[in-house]
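Worksheet: the structure to be examined is printed underneath.
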Amino acid sequence: MISPPDFDGKGNWWSFMIDTGTEVGAISLKSSARAPGKARKWLGGVFREQKLGSDYVGRAVVTELVTNVYKHTDSELVSVRLLLEDGHLVVEVEDGSDGVPVVRDEDDTAESGRGLLMMSLLVQDWGVRALGNGGKVTWARLGV
Numbered sequence: 173m174i175s176p177p178d179f180d181g182k183g184n185w186w187s188f189m190i191d192t193g194t195e196v197g198a199i200s201l202k203s204s205a206r207a208p209g210k211a212r213k214w215l216g217g218v219f220r221e222q223k224l225g226s227d228y229v230g231r232a233v234v235t236e237l238v239t240n241v242y243k244h245t246d247s248e249l250v251s252v253r254l255l256l257e258d259g260h261l262v263v264e265v266e267d268g269s270d271g272v273p274v275v276r277d278e279d280d281t282a283e284s285g286r287g288l289l290m291m292s293l294l295v296q297d298w299g300v301r302a303l304g305n306g307g308k309v310t311w312a313r314l315g316v
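Taking our numbering, the leading residue of the sequence shown gets 173, the next gets one more, and so forth.
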């Protein structure tokens, strides 16, 4: 299994992503089967309002990350934030779990488990930032 780019293999994870940039928008949702669709619709609206161009990759990223919160954590809430940072759009998804997302090895017989792998091919960079009060932010840097 492959972990986020900055996992050291010794149980320690961190991110070099610094919480900077200009916030373009933020939303908090109840973690549920409906949350990915709501986040995707919200992101599309922000892209249109801010004239950020095509929202295709952003929608794919937010769908994957919010779905992972719903399916793989016990977090009751999921928060999504969009930042503009040095000419890049950064999608951040926060949840209350300390569990690190894992990119699974390719398995032709598996019916799921390819989302993070596909996402990693669409974005310039991604990682995980631990929060001091528990939980994490999983982020992805897109081109604008």
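Ideal placement from N, C-alpha and C gives every residue a C-beta, glycine not left out.
All figures in this text were calculated on a predicted structure; none of them were measured in a lab.
Can you tell me which of the three DSSP states Leu201 falls into?
-> Strand, per DSSP.
Distance between Glu221 and Glu236 (C-alpha atoms, nearest Å) | Whole-angstrom Cα-Cα distance: 23 Å.
Along the chain, which unbroken stretches of the beta strand (DSSP E) at least 3 residues long are found entirely within the region 255-311?
-> 260-267, 297-302
Decide if Gly181 is buried, meaning its Cβ has at least 16 other Cβ atoms within 10 Å, or exposed.
-> Residue placement at Gly181 is poorly supported in this model, since its pLDDT is 44, which falls under 50; the coordinates still yield a value, given next. Result: exposed.
Gly209 in three-state terms, based on DSSP = The answer is helix: DSSP assigns Gly209 an H, G or I state.
Thinking C-beta only, is Leu289 closer than 8 Å to Gly134?
-> This structure does not reach residue 134, given that the chain is present from 173 up to 316, and the question cannot be answered.
With DSSP collapsed to three states, give me the class of Glu195.
-> Strand, per DSSP.
Residues sharing a beta bridge with Ser226, DSSP = Per DSSP, none; premise fails for Ser226.
Between the CA atoms of Trp214 and Gly307 - distance to the nearest angstrom | 23 Å
Return the residue from the list Gly268, Gly287, Val196 that minimises the CA-CA distance to Asp277.
-> Gly287
Contacting residues, own chain, Cβ-Cβ under 8 Å from Ala232 (five flanking each side not counted) = Met290, Met291, Leu294
Take Ser128 as the anchor and find which of Glu257, Ser269, Lys243, Val265 has the nearest alpha-carbon.
-> Because residue 128 is not part of the residues shown, which for the chain are 173 to 316, the question remains open.
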